[in-house]
Amino acid sequence: MITEEMKKIWRPGMVLSLFVLGFVFYSMFLEFYIDYFPNGSQNSGIFEESRELVETYGTRISAKEMDAYEAKLPVLHKEADRFVRESEIGKKHGILTYEAYAAFYSKANLEAARQGTGADLNETYADAMRLSSYLQGGETGNIEGRLYGASWMSEAYRARETYGADLEIDGGEPKDKKTGKETDQETDGERYYTNKEREHVKKVFFAADKMWQNVLPPEVPETTGAYVGYLLTWICLCVCMLLAPLLVHDRMRRMVPLQYSSKRGRSIYRCQFAAAMFTALIAATANLLLFGGLFLTHGTEVFFPCRMYSFAVMQFCWPNWTHGVWCLVLVAICYLTALGTAGIVFFLSQRCGNYIVMLLKILPVAVIMAVLSPKMTEDAFYFGNVLYRLSGVPYIELVCAGAIFAVGMVLCGLGKRQVEKDV
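Given below as structure tokens:
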């Protein structure tokens with residue numbers, strides 16, 4: 030019977046519709062993260078330099094190893110000087126060093142802004158843009174981005190080494206804006222740190238073992254969380270589309286009383302529930318394998334052994350998991366949310382007498398999941414996560430996914446009792 034219920038869900042027309050809508054959703058929300066990661070030459074340089082650090086020194090880098098790494102900076106500067114000197118634009122304007130190029134580029138930008146002209150009217154500005162594109166392109170191996178990345182990594186490491194946790198969370202005793210009295214919170218821009226958060230940061234990341242020395246480029250967790258958020262939104266939409274018509278179809282044809290007239294038919298609710306859960310699992314797994322596999326083509330798996338927080342990541346986190354474990358927890362959130370959504374949709378579908386009522390009930394669920402899904406995965410378990418900043422509850426992302434799952438299962442249990450009562 031489960032097989033027959035699965036056939037009712039996975040109809041050819043519905044599967045074809047999912048393929049078409051999936052392509053549209055991918056083009057609108059996911060393709061950017063596939064085509065433009067890392068985003069920009071500077072982020073690309075940080076990504077490449079971080080990967081080189083991991084491949085050379087491992088997931089953590091000591092002060093001596095950073096000294097050895099910083100010896101690479103003069104070499105990169107000489108390489109950049111050579112590319113600038115040998116370029117056509119460099120020869121045209123007599124630019125011999127990278128520092129001279131940086132001054133030329135800044136001057137050209139300021140002059141163009143002052144005159145209000147673009148590359149089509151300002152030849153110097155056009156030459157500066159062309160030279161910049163050359164230094165960021167594949168012909169030079171993105172020497173500008175790599176030089177920026179190496180310098181940025183060095184500066185971030187030395188700043189964290191010098192100031193430790195004080196760099197972000199101990200800037201003096203905070204005061205309430207209204208009363209002027211000291212409070213237990215501290216602000217850095219829009220970020221607030223409680224005494225509990227401060228103690229956690231100092232205990233976990235700035236103790237004797239120096240866990241802050243971990244290597245992880247900031248764009249990896251940021252982009253991964255945002256990408257998985259959109260992917261989870263699509264998974265929930267798939268579940269809504271697949272399961273919403275299931276019980277409505279039977280209800281419109283008054284199948285339930287007929288099914289309960291036989292002993293075998295009385296187990297139909299359990300079979301339909303099992304089919305709904307299998308459908309959610311299949312939809313989640315298929316999308317995670319397909320779109321998750323596309324994201325892994327960037328080579329981010331090299332950072333799986335690295336910890337969630339590093340000297341390069343500008344926000345702290347509650348757990349000290351590896352990036353790989355963090356990704357697995359995001360996958361678990363996707364499965365819990367998908368199964369919970371399936372339970373909610375299954376319950377609502379049971380109470381719909383026609384497709385119009387079904388749409389009116391399912392659309393709010395789809396909208397809520399579309400809004401909530403990115404908030405559960407973006408900066409998940411970091412202090413900057415939206416749900417955590419609103420609630421102040423550590424691991425709220427996993428709690429929220431578990432709550433969605435629990436609500437779905439409870440509603441399905443209530444639905445079974447109601448069906449038995451009605452029949």
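Position one of the sequence shown corresponds to residue 30 (my numbering), numbered consecutively onward. We put the beta carbon where it would ideally sit given N, CA and C, even for glycine. The model shown is predicted, which means the values in this text are computed figures rather than measured ones.
Q.
Just to confirm, is the Cβ distance from residue 333 to residue 353 under 8 angstroms?
A. Against a cut-off of 8 angstroms, the Cβ pair of residue 353 and residue 333 comes out as a contact.
Q.
Assuming contact is defined by CB atoms lying nearer than 8 angstroms, are residue 367 and residue 265 in contact in what I supplied?
A. In this structure, residue 367 lies near residue 265, with their beta-carbon atoms less than 8 angstroms apart.
**Q.** Coarse secondary structure for residue 207, derived from DSSP in three states
**A.** Interpretation of residue 207 is limited by its pLDDT of 44, a score under 50 that renders its predicted location unreliable; the figure taken from the coordinates is listed afterwards. In this structure, residue 207 counts as coil in the three-state DSSP scheme.
Q. Rounded C-beta distance between residue 172 and residue 78? I'm assuming under 8 angstroms.
A. Actually they do not touch by this definition, with Cβ atoms about 12 angstroms apart.
Q: Within the same chain, show all residues whose beta-carbon is closer than 7 angstroms to that of residue 192, passing over the 5 residues directly before and after it, in chain order.
A: Answer for residue 192: no residue qualifies.
Q: Report buried or exposed for residue 446, applying the criterion of at least 16 other Cβ atoms within 10 angstroms of its Cβ.
A: By the neighbour-count rule (16 or more Cβ atoms within 10 Å), residue 446 is not buried but exposed.
**Q.** Residue of 157, 128 and 124 minimising C-alpha distance to residue 139
**A.** When only C-alpha atoms are compared, the closest one is 157.
Q | Per-residue burial, residue 243 [other beta carbons within 10 Å of its own, 16 or more giving buried] | A | The residue in question, residue 243, is buried, as its Cβ has 16 or more Cβ neighbours within 10 Å.
Q: Kindly confirm or deny that the region 227–236 and the region 65–81 touch, where touching means at least three C-beta pairs closer than 8 angstroms.
A: In short, these stretches do not touch, since the Cβ pair count stays below three.
Q. Would you call residue 115 buried or exposed, if buried means 16 or more other Cβ atoms sit within 10 Å of its Cβ?
A. For residue 115, the number of other beta carbons within 10 angstroms of its own is below 16, and it is reported as exposed.
Q) Since residue 409 and residue 262 are thought to touch, with beta carbons under 8 angstroms apart, how far apart are those beta carbons, to the nearest angstrom? A) Rounded, the Cβ-Cβ distance is 15 angstroms, inconsistent with contact.
Q) Do you know offhand how far residue 361's Cα is from residue 414's? A) Each residue's Cα considered, the two are about 18 angstroms apart.
Q. With DSSP run on the structure shown, which of helix, strand or coil describes residue 243?
A. Residue state, collapsed to three classes: strand.
Q) Quick one, are the C-beta atoms of residue 66 and residue 252 less than 8 angstroms apart? A) Taking 8 angstroms as the Cβ cut-off, residue 66 and residue 252 qualify as a contacting pair.
Q: Starting from the C-beta of residue 124, find all residues in its chain whose C-beta is less than 6 angstroms away, skip the five residues before and the five after it, and write them out in chain order.
A: Excluding sequence neighbours, residue 124 sits near 113, 130 and 133.
(Q) Buried or exposed for residue 453, going by 16 or more other Cβ atoms inside 10 Å? (A) Residue 453 is absent from the model: the chain starts at 30 and stops at 452.
(Q) Given a cut-off of 8 angstroms on the beta-carbon distance, is the pair residue 305 and residue 371 in contact? (A) Contact: yes.
Q. Is the number of C-beta pairs between the region 309–326 and the region 377–389 that are closer than 8 angstroms three or more?
A. Too few Cβ pairs lie closer than 8 angstroms, so no.
Q.
So if DSSP puts residue 336 in a beta bridge, which residue, or which two residues, is it bridged to?
A. Within the DSSP bridge table, the entry for residue 336 names 351 as partners.
**Q.** alpha helix (DSSP H) runs wholly inside the region 145–188, at least 4 long, in chain order
**A.** Fully enclosed alpha helix (DSSP H) runs of 4 or longer: 152–165.
Q | Reduced DSSP category for residue 424 - H, G, I as helix; E, B as strand; rest coil | A | Coil at residue 424, not helix or strand.
Q.
For the alpha helix (DSSP H) containing residue 31, name the first residue and the last one.
A. Residue 31 -> alpha helix (DSSP H) spans 31–38.
Q: Report the rounded CA-to-CA distance for residue 101 versus residue 329, giving the unit in angstroms.
A: When rounded, the distance between both Cα atoms is 23 angstroms.
Q. Which term fits residue 52, buried or exposed, when burial requires 16 or more other beta carbons within 10 angstroms of its beta carbon?
A. By the 10 Å Cβ count, residue 52 comes out exposed.
Q. Is residue 299 helix, strand or coil by DSSP?
A. Residue 299 falls in the helix class under three-state DSSP.
Q. Taking the DSSP output, what are the residues bridged to residue 346?
A. In DSSP, residue 346 forms a bridge with 411.
Q. Are the CB atoms of residue 105 and residue 179 nearer to each other than 8 angstroms?
A. Residue 105 places its beta carbon less than 8 angstroms from that of residue 179.
Q: Please work out which residues of its chain come closer than 6 angstroms, Cβ to Cβ, to residue 438, disregarding the five sequence neighbours upstream and downstream, and give them in chain order.
A: Only residues of its own chain outside the window of five on either side were considered, and among them 372 have a CB closer than 6 angstroms to the CB of residue 438, listed in chain order.
Q. Just the Cα atoms here: how many angstroms apart are residue 316 and residue 55?
A. So the alpha carbons of these two residues sit roughly 11 angstroms apart.
(Q) For a minimum of 4 consecutive residues, which ranges assigned as the alpha helix (DSSP H) are wholly contained in the region 85–154? (A) Secondary structure remark: continuous alpha helix (DSSP H) runs of at least 4 residues inside the region 85–154, in chain order: 92–99, 101–115, 117–122 and 127–144.
Q.
Residues in the same chain with beta-carbon distance under 6 angstroms from residue 269, minus the five sequence neighbours each way, listed in chain order, please.
A. Beyond the five residues adjoining it in sequence on each side, residue 269 comes within less than 6 angstroms, by CB distance, of 374, 391 and 395 in the same chain, given in chain order.
Q. Roughly how many angstroms separate the alpha carbons of residue 211 and residue 188, rounded to a whole number?
A. Its pLDDT being 41, under 50, residue 211 is placed unreliably by the model, and the measurement read from it follows with that caveat. The straight-line gap separating the alpha-carbon atoms of residue 211 and residue 188 is approximately 27 angstroms.
Q) What are the uninterrupted segments assigned as beta strand (DSSP E) that are 3 or more residues long and contained completely in the region 359–387, given in chain order? A) Runs of the beta strand (DSSP E) spanning 3 or more residues and lying entirely within the region 359–387 do not occur at all.
Q: Tell me whether residue 103 is buried or exposed, calling it buried when 16 or more other Cβ atoms sit within 10 Å of its Cβ.
A: Here residue 103 is exposed: its Cβ has fewer than 16 other Cβ atoms, across all protein chains shown, within 10 Å.
Q | Straight-line Cα distance separating residue 64 from residue 249 | A | If you draw a straight line from the Cα of residue 249 to the Cα of residue 64, it comes to about 15 angstroms.
Q: Report the rounded CA-to-CA distance for residue 404 versus residue 128, giving the unit in angstroms.
A: Our two residues, residue 404 and residue 128, have alpha carbons roughly 42 angstroms apart in a direct line.
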